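Each remark here refers to the structure printed beneath this line.
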């Protein structure tokens, strides 16, 4: 039986691409020389969140937003769009009852001196159905 993490990631990807976030450039595996801006589905962390009658996870998915627009406007607009799309929402994850909150957001200059890096973490509580 699957723990549901892949199904949740697929649902996050589908929601963000359908909304046209970052021009639909949402990657799990970033291509070489990508077009900016884009969102990378990054690392995750999960803890058990079982109930008496259902197996569940408290599952954090980290999204990385990458922009070379100059300044923070573009990366913050993309992060705001992700927040608007995902915060306090229900995901259509196959076989899961999945609810999302945005737990934190931050942005900072990348060491390359050109790119701004935004990080947004989605906390997804999901149970098998």
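Numbering (the working numbering), first residue to last: 305 to 433.
Using N, Cα and C, we set each Cβ at its ideal position, and we do this for glycine too.
From a predicted model like this one, the values you see are computed outputs, not experimental measurements.
Item, Value
"Three-way DSSP call (helix, strand, coil) for residue 378 in this model", "helix"
"Exposure label - residue 371; buried when at least 16 CB within 10 Å", "buried"
"Sequence-distant residues of the same chain with beta carbon closer than 7 angstroms to residue 321, five excluded per side", "328 and 330"
"Distance between residue 362 and residue 350 (C-alpha atoms, nearest Å)", "5 angstroms"
"With 16 other Cβ atoms within 10 Å as the buried cut-off, status of residue 386", "buried"
"Cβ shell of residue 428 (< 6 angstroms), same chain only, five flanking positions each side left out", "312, 363, 402 and 404"
"Distance between beta carbons of residue 399 and residue 433, contact taken as under 8 angstroms", "6 angstroms"
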